[in-house]
Amino acid sequence: MAGKTVKAGIMDYQKIIERIAEDVSPLLDKGEVASYIPALAGVSPSKFGIAVATVRGECFTTGDASECFSIQSLSKVFTLAMVMDRIGDALWERVGREASGNPFNSLVQLEYEHGRPRNPFINAGALVVTDCIILENHDPMRDLRDFVRTCAGNNTIGYDESVALSEKETGHRNAALAHFLKSYGNLYNDPGRVLDVYYHQCSLSMSCKDLARAFLFLANGGTDPVNGNIVCGLRQAKRINALMQTCGLYDEGGEFAFRVGLPGKSGVGGGIVAVMPGELSIAVWSPGLNTAGNSLAGFKALELFTTYTSKSIF
Ligand code: GLN
């Protein structure tokens, strides 16, 4: 079946994602689960799910699409959306908007560039965004959780305390980044406080179904097409998509644009979410990662999705 394109006036997304699940099944044991966070080391690499949510309100799922997993860096899109809406352009005085061409947790560039992280999706940039969340919200963890719950239309979403604690105990690189930022005056709160909120945001536990639904506002100019809720303005939505396109997959952003052709964001829990503006958002989950820290089978699944549907933003 591989290689053929599904051409139809109305796409049969259910059929397409089932075909993809079959196609990528040989890849599921090829990646490495993110064992640097001990609480994630035990997740089964054979898990695989896809969910597609359309701006018309449909949802298509296959595999383990309803099972919750650790969203990790996917959370950086939610924190960015919250902060951009609150503080607008002031954010860009503290964080850049260029691809880093480095691993997500790299320290070297931060010194060369005097404590201003390249973009909001590498860990250093995300810590600055989290610092802004703490400055802007009375109860940042509650407000962030509620924001995510509203986007996903699911009031049961919460933090996984065991994952947050596990990362706190082992997150020496993140602690180094936070203190480094502080030394440059680019962190206003105590580094320990910023790290605590950061580890919690990464520990949010969601399913592919939740994530596809929660990212739908980015496919619809900032407005949730299901309930009409304005999550962020049109301009912010366009900008978040642009940042996902250029920086969402770390040093594989070029490869993702080449093979998938959609704005996307990955997390070391094995999730990747991509957005087709005007049409849909798609979340995939497969815990086995490639060497860049992106889901191996998830990446392939998204590549097949844009191949089989003949769609991309390009
Ligand atoms: N919590 C992870 C970390 O900070 C997130 C990284 C990721 O998902 N790319 O290392």
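Each residue of the sequence shown is one higher than the last, beginning at -12 in this note's numbering. From the three backbone atoms N, C-alpha and C, an ideal C-beta is built for every residue, glycine too.
Leaving aside the five residues before and after H166 along the sequence, list all residues of the same chain whose C-beta is less than 7 Å from its C-beta, in chain order. Within the same chain, H166 has close Cβ partners P178.
Outcome for G172 when other beta-carbon atoms lying within 10 angstroms are tallied against a minimum of 16: Under this definition G172 is an exposed residue.
For V30 and A21, what's the separation of their Cα atoms in angstroms? In a straight line, the C-alpha of V30 is about 9 Å away from that of A21.
Please classify S297 as buried or exposed, where buried requires at least 16 other C-beta atoms within 10 Å of its C-beta. Classification of S297: exposed, given that the 10 Å Cβ count is below 16.
Select from C55, G88, P250 the residue whose C-alpha is nearest the C-alpha of M193. Closest by C-alpha distance to M193, out of C55, G88, P250, is C55.
Boundaries (first-last residue) of the beta strand (DSSP E) holding C46: Run containing C46: 46 to 50, per the beta strand (DSSP E) assignment.
Hey, G18 and A270 are a contact pair by Cβ (cut 8 Å); roughly how many whole angstroms apart? The distance from the Cβ of G18 to that of A270 is about 17 Å, inconsistent with a contact at the 8 Å cut-off.
Start and end residues, alpha helix (DSSP H) containing K169: Per DSSP, the unbroken alpha helix (DSSP H) holding K169 starts and ends at 159 to 170.
Euclidean distance between Cα positions of I37 and R81: Here the alpha carbon of I37 sits roughly 35 Å from the alpha carbon of R81.
Span separating the alpha-carbon of W79 from that of M263: Roughly 26 Å separates the two Cα atoms.
Which residues in the same chain as L174 place their Cβ atom closer than 8 Å to its Cβ, once the five residues preceding and following it in sequence are excluded? Closer than 8 Å at Cβ, skipping near neighbours: L114, V115, D118, A165, L168, V181.
With a CB to CB cut of under 6 Å and the five nearest residues on each side skipped, what residues in its chain are close to N281? Counting only Cβ-Cβ distances below 6 Å, and skipping sequence neighbours, we find L236, E239, S253.
Across which residues does DSSP place F56 in a beta bridge pair? BP columns for F56 point to M193.
Euclidean distance between Cα positions of S60 and A8: Looking at the two C-alpha atoms, the distance is approximately 23 Å.
Rounded C-alpha distance that separates I300 from G241: Computed Cα separation, rounded: 14 Å.
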